[in-house]
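Colleague: I have a structure I would like to understand better, so I am pasting it below and will then ask my questions one at a time.
In my numbering, the protein residues as written are 1101 to 1607.
Rendered as structure tokens:
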């Protein structure tokens, strides 16, 4: 019996040591992830912004250099006179500027050159700004800000503040704001939501929740039959719809962010999944930008002024970070960064056709041609949150041609949306508004093929009373656009085919 009791005691002691060792490991992983989170926000060169949905809009992200000014200008109640808190826009929601200013001040607090007086001023302003938002708890008519955008920025703010975060703010952020996120939805929305849960887990020191959140994020880093990365390395969201420049860009930013933050911890991306993500970046995103701007046809519904250049800059920051996170492919990431710098030559030459998205690209040293179509299988365009209201024809065989790269720079306010380059349409006095996703042609003989050097594409077109058979061929410096059988039996409107429409150079 004595031996039996001794063995039981030794077993209990061993289990206690094992539990403590496991707990120590969990704690170390949480510490490392939290430290690397701060490094990513503060130190990593060219870090990509997290809130693509909001920060790619005109409101932008406030400059960190303005943080001390924000601290000086904050009002006694914790608000700013220059923020429109009454705004109810679904896009570029103005009250969100308040949260971004809080993040900017938290970043400023981490700088080594902050004086004691500036530090006290920043801390006081942060406390006042947090108290003001707690009292109002602003909500946007667009769910995205309430469940993704605001929680994400508040999570960043709390992790940056650390022990300087007031207790009431910690409770509000972890118990109310971040509680609005969870494990649900699909594609990039799922990644955003799970990322917010992961920040909550780091704040609460909950290793089990962090592990579950990381696994949920990584579950999207694989080829998906529906929403997410596609077998041809395009990206779909909101159904079978090419979303390189919107949700697909958010996906690139967020996965890069978590790959960097969670490296060398138990929460890290499994090595075998890194290959799929690399392919998405290098065989997909890499091809969509020309001389520092994203192709209009890749931008999805976000084609507001400045957007193509802003999206290319965001991809550039992703690639800069991936050089560190995926050093084996650093040369290819660096090549993107170099060729999208002003004045650099184009060294990415060849053809691609993304068959899952009815979208083709052809690159030569001195020009870039892109083709966007849609069919019974593929949604062409969408309008959400008052974005892309008149872009109904942007997937009706749109053929954009770039050389210098500024041919369509910020053309959107003056573009004749009835004459999209490459399209054959029934002309109307006013451009029709973009419809719902089912507002697309019903023909299925639409698609293309490519061998990497040359491409061919076809489109049986039948829409708005117009019928046409169109084909495109891309090889070397040659682009051939053909159309036949063009007729309009169901409309009395004239039919126009547009070769190109770009900004005028000279008188």
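Glycine is no exception: its CB is placed at the ideal position from the N, C-alpha and C atoms.
For residue 1107, does the count of other Cβ atoms within 10 angstroms reach 16, so buried, or fall short, so exposed?
Modeller: Translated into positions along the chain shown, residue 1107 becomes position 7. In this prediction, residue 1107 has a pLDDT of 47, which is less than 50 and means its spatial position is unreliable; nothing more can be read from the coordinates.
Colleague: My output table needs one value for residue 1373: the three-state DSSP class, helix, strand or coil.
Modeller: By one-based count along the chain shown, residue 1373 stands at place 273. Three-state DSSP puts residue 1373 in a helix.
Colleague: Check for me: the alpha helix (DSSP H) holding residue 1198 runs from which residue to which?
Modeller: What you label residue 1198 is simply residue 98 of the chain shown in a count that begins at 1. It spans 1196-1209 - the alpha helix (DSSP H) in which residue 1198 sits, taken as one unbroken run.
Colleague: Only counting the same chain, and skipping five residues up and downstream in sequence, which positions put a Cβ closer than 6 Å to that of residue 1400?
Modeller: Within the chain shown, the letter at position 300 stands for residue 1400. Cβ within range, chain order: 1343, 1345 and 1346.
Colleague: Kindly indicate which residue of 1297, 1244 and 1246 has the alpha-carbon position closest to the one of residue 1259.
Modeller: Here residue 1259 refers to the residue found at position 159 when the chain shown is read from its first residue. Residue 1297 is the option with its Cα nearest to residue 1259.
Colleague: Given residue 1563, which residues of its chain have a CB within under 6 Å of its CB, disregarding the five upstream and five downstream residues?
Modeller: Position 463 of the chain shown, counting from 1, holds the residue named residue 1563. 1541.
Colleague: Suppose you measure from the CA of residue 1124 to the CA of residue 1364; what does that come to, to the nearest Å?
Modeller: What you label residue 1124 is simply residue 24 of the chain shown in a count that begins at 1. What you label residue 1364 is simply residue 264 of the chain shown in a count that begins at 1. If you take the alpha carbons of residue 1124 and residue 1364, they lie about 15 Å apart.
Colleague: Which ranges does the beta strand (DSSP E) cover as unbroken runs of at least 3 residues, wholly within the stretch 1479-1537, from first to last along the chain?
Modeller: Whole beta strand (DSSP E) segments, 3+ residues: 1498-1502 and 1524-1526.
Colleague: Do you know how far the Cα of residue 1286 is from the Cα of residue 1578?
Modeller: Position 478 of the chain shown, counted from the first residue, corresponds to residue 1578. Position 186 of the chain shown, counted from the first residue, corresponds to residue 1286. For residue 1578 and residue 1286, the distance between alpha carbons rounds to 40 Å.
Colleague: Out of curiosity, what's the CA-to-CA distance linking residue 1420 and residue 1592?
Modeller: If you number the chain shown from 1, residue 1420 lands on position 320. If you number the chain shown from 1, residue 1592 lands on position 492. Rounded to whole angstroms, residue 1420 to residue 1592 spans 54 Å at the Cα level.
Colleague: Keeping to the same chain, check which residues put their C-beta closer than 8 Å to that of residue 1132; ignore five residues upstream and five downstream.
Modeller: As a position in the chain shown, residue 1132 is number 32, starting the count at 1. Once the five neighbours on either side are set aside, the close Cβ partners of residue 1132 are 1364 and 1365.
Colleague: Mind checking whether residue 1442 and residue 1474 have CB atoms under 9 Å apart?
Modeller: Counting from 1 along the chain shown, the entry for residue 1442 is found at position 342. Counting from 1 along the chain shown, the entry for residue 1474 is found at position 374. Their beta carbons are not under 9 Å apart, which means residue 1442 does not touch residue 1474 by this criterion.
Colleague: Is the beta carbon of residue 1392 sitting closer than 9 Å to the one on residue 1249?
Modeller: Translated into positions along the chain shown, residue 1392 becomes position 292. Translated into positions along the chain shown, residue 1249 becomes position 149. Taking 9 Å as the Cβ cut-off, residue 1392 and residue 1249 do not qualify as a contacting pair.
Colleague: In chain order, what residues of the same chain lie with their CB nearer than 6 Å to the CB of residue 1110, ignoring the 5 residues before and after it?
Modeller: Residue 1110 sits at position 10 when you count from the first residue of the chain shown. Its pLDDT being 47, under 50, residue 1110 is placed unreliably by the model, and nothing is read from it.
Colleague: Curious, which full-length alpha helix (DSSP H) runs of at least 4 residues does the stretch 1236-1287 contain?
Modeller: Within the stretch 1236-1287, the complete alpha helix (DSSP H) runs of at least 4 residues are 1250-1261 and 1267-1272.
Colleague: Using a threshold of 9 Å, state whether the C-beta atoms of residue 1454 and residue 1502 are closer than that.
Modeller: Translated into positions along the chain shown, residue 1454 becomes position 354. Translated into positions along the chain shown, residue 1502 becomes position 402. It is not a contact, given that the beta carbons lie outside the stated cut-off.
Colleague: Note down the Cα distance separating residue 1377 from residue 1322, rounded to an integer number of angstroms.
Modeller: By 1-based counting over the chain shown, the position of residue 1377 is 277. By 1-based counting over the chain shown, the position of residue 1322 is 222. Straight-line Cα distance between these residues: approximately 8 Å.
Colleague: Under DSSP, the alpha helix (DSSP H) around residue 1422 begins and ends at which residues?
Modeller: In the chain shown, residue 1422 corresponds to position 322, counting from 1. Looking at the DSSP string, the run of the alpha helix (DSSP H) that includes residue 1422 is 1407-1425.
Colleague: Distance, Cα to Cα, residue 1201 vs residue 1167?
Modeller: Against the chain shown, residue 1201 aligns to sequence position 101. Against the chain shown, residue 1167 aligns to sequence position 67. So the two alpha carbons sit approximately 7 Å from each other.
Colleague: Output the boundary residues of the alpha helix (DSSP H) element that contains residue 1360.
Modeller: Taking the chain shown and counting its residues from 1, one reaches residue 1360 at position 260. 1347-1361 is the span of the alpha helix (DSSP H), which, as asked, contains residue 1360.
Colleague: Between 1316, 1416, 1142 and 1508, which has its C-alpha nearest residue 1434's C-alpha?
Modeller: Numbered from its first residue, the chain shown carries residue 1434 at position 334. It is 1416 whose Cα lies nearest to the Cα of residue 1434.
Colleague: Give me the Cβ distance between residue 1316 and residue 1241, rounded to the nearest whole Å; I'm assuming they're in contact under 8 Å.
Modeller: Residue 1316 sits at position 216 when you count from the first residue of the chain shown. Residue 1241 sits at position 141 when you count from the first residue of the chain shown. The pair is not a contact, with the Cβ atoms about 27 Å apart (cut-off 8 Å).
Colleague: Cα-Cα, which of 1312, 1313, 1583 and 1398 is closest to residue 1412?
Modeller: Numbered from its first residue, the chain shown carries residue 1412 at position 312. Of the candidates 1312, 1313, 1583 and 1398, the one whose C-alpha sits nearest the C-alpha of residue 1412 is 1398.
Colleague: Please classify residue 1153 as buried or exposed, where buried requires at least 16 neighbouring CB atoms within 10 angstroms.
Modeller: Along the chain shown, read from residue 1 onward, the residue named residue 1153 stands at position 53. For residue 1153, the predicted structure reports a pLDDT of 39, less than 50, and the residue's modelled location is therefore unreliable. A value from the coordinates is still provided. Under this definition residue 1153 is a buried residue.
Colleague: So is residue 1535 buried or exposed if we call it buried at 16+ other beta carbons inside 10 Å?
Modeller: Numbered from its first residue, the chain shown carries residue 1535 at position 435. Flag for residue 1535 reads exposed.
Colleague: From this set, 1247, 1261, 1290 and 1264, which residue's C-alpha is nearest residue 1278's C-alpha?
Modeller: Translated into the one-based positions of the chain shown, residue 1278 becomes position 178. Minimum Cα distance to residue 1278 is reached at 1247.
Colleague: If you drop the 5 nearest sequence neighbours on each side, which residues of the same chain put their C-beta closer than 7 Å to that of residue 1160?
Modeller: As a position in the chain shown, residue 1160 is number 60, starting the count at 1. Low local confidence applies: a pLDDT of 41 at residue 1160 is under 50, so the model's placement there is unreliable, with the coordinate-based value given in what follows. Within the same chain, residue 1160 has no close Cβ partners at all.
Colleague: Relative to the C-alpha of residue 1320, which residue among 1523, 1380, 1446 and 1462 is closest?
Modeller: In the chain shown, counting from the first residue as 1, residue 1320 sits at position 220. The shortest Cα separation from residue 1320 among 1523, 1380, 1446 and 1462 belongs to 1380.
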